[in-house]
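Contents: one structure, followed by commentary.
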Amino acid sequence: MKTASGPVERMDGSPSVGTRARALVVRHIHSAFAVHSCPPFPCPVSGTSSTHYPSEIASSFPLSLLVPSEAGTMASTGCPPAAPFFGFMGAASALVFSNLGAAYGTAKSGVGVSHMGVLRPELVMRCVLPVAMAGVLGIYGLIVAIIVSGQVLEHNYSYYLGFAHLAAGLTNGLSSLAAGICVGIVGDAGVRATGQNPKLYVIMVLILIFAEALALYGLIVALVVAGKTTTIRC
6 MKTASGPVER MDGSPSVGTR ARALVVRHIH SAFAVHSCPP FPCPVSGTSS THYPSEIASS
66 FPLSLLVPSE AGTMASTGCP PAAPFFGFMG AASALVFSNL GAAYGTAKSG VGVSHMGVLR
126 PELVMRCVLP VAMAGVLGIY GLIVAIIVSG QVLEHNYSYY LGFAHLAAGL TNGLSSLAAG
186 ICVGIVGDAG VRATGQNPKL YVIMVLILIF AEALALYGLI VALVVAGKTT TIRC
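Per this note's numbering: the sequence shown ends with 239, consecutive numbering throughout.
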């Protein structure tokens, strides 16, 4: 039963849920006021005990804060609504940084290949290898982005999974970016040197393989981290 002044006892004489909840809150407030002389609430007037406060605190205390809502339950179990943001940022990081590395490697190597087309046209097809290896870096990022984005859920998605997917995306993306820079620099200088001395072609290929391995390491770790599971249930 409820009156204009607030909740009262029920028909069977027992206090209502709102009354018991407010009484519990007031008891905790009194305990806090007894320890701290001047908490966020106005200090009591002189002449009164430090543990007695106006009754308006109990009547004006929002009852909605006492009832656990859906958002509060998700936050308490580690599944806040903001957790998917980190998962999608991981997917975006994997694709964006990988494409940055692939774009730089392709452009830098393409300059050297164009230079080769003027000096030694018969070696142009052999020297396209750095461009192809740089383009593979974008595929690595695409794979991780698809896997991570497919695991991001609107509900039942914890911070643990969000951070894991963010780490996976950054691992793959930044590794591919570093590999792309290396492939671009080596490819540009390598094809120019191959035009003057064809025996250097094998050396250039070996250096490109080791540069590409950096992105492969990042891809392997990203797949392992993205496959993490959790027992948290929201």
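Glycine included, C-beta positions come from ideal geometry on N, C-alpha and C.
For clarity, every value in this text was computed on a predicted model and none was experimentally measured.
Pop quiz: residue i and residue j are said to be a contact at Cβ under 8 Å. What is the actual Cβ separation, rounded to whole angstroms?
{"i": "residue 152", "j": "residue 231", "result": "5 Å"}
{"i": "residue 119", "j": "residue 177", "result": "That pair is no contact at about 30 Å."}
{"i": "residue 185", "j": "residue 142", "result": "5 Å"}
If we ignore side chains and look at the alpha-carbon of each, how far apart do residue i and residue j end up?
{"i": "residue 113", "j": "residue 160", "result": "44 Å"}
{"i": "residue 234", "j": "residue 192", "result": "40 Å"}
{"i": "residue 108", "j": "residue 88", "result": "31 Å"}
{"i": "residue 45", "j": "residue 85", "result": "Any reading at residue 45 must be qualified, since the residue scores a pLDDT of 48, below 50, and its modelled position is unreliable; no value is offered."}
{"i": "residue 221", "j": "residue 174", "result": "13 Å"}
{"i": "residue 240", "j": "residue 93", "result": "An answer regarding residue 240 cannot be provided, because it is not within the stretch 6 to 239 covered by the chain."}
{"i": "residue 213", "j": "residue 133", "result": "12 Å"}
{"i": "residue 148", "j": "residue 225", "result": "11 Å"}
{"i": "residue 190", "j": "residue 164", "result": "39 Å"}
Classify residue i: buried if its beta carbon has 16 or more other beta carbons within 10 angstroms, exposed otherwise.
{"i": "residue 135", "result": "buried"}
{"i": "residue 156", "result": "buried"}
{"i": "residue 162", "result": "buried"}
{"i": "residue 211", "result": "exposed"}
{"i": "residue 124", "result": "exposed"}
{"i": "residue 218", "result": "exposed"}
{"i": "residue 130", "result": "exposed"}
{"i": "residue 74", "result": "Residue placement at residue 74 is flagged as unreliable, the pLDDT there being 45, under the threshold of 50; a coordinate-derived value is accordingly withheld."}
{"i": "residue 137", "result": "exposed"}
{"i": "residue 188", "result": "buried"}
{"i": "residue 196", "result": "buried"}
Please state whether the Cβ-Cβ distance between residue i and residue j is less than 9 Å.
{"i": "residue 183", "j": "residue 106", "result": "yes"}
{"i": "residue 246", "j": "residue 128", "result": "Look at the range of the chain in this structure, 6 to 239, and you will see that residue 246 is not part of it."}
{"i": "residue 180", "j": "residue 223", "result": "yes"}
{"i": "residue 110", "j": "residue 139", "result": "yes"}
{"i": "residue 90", "j": "residue 146", "result": "no"}
{"i": "residue 170", "j": "residue 216", "result": "no"}
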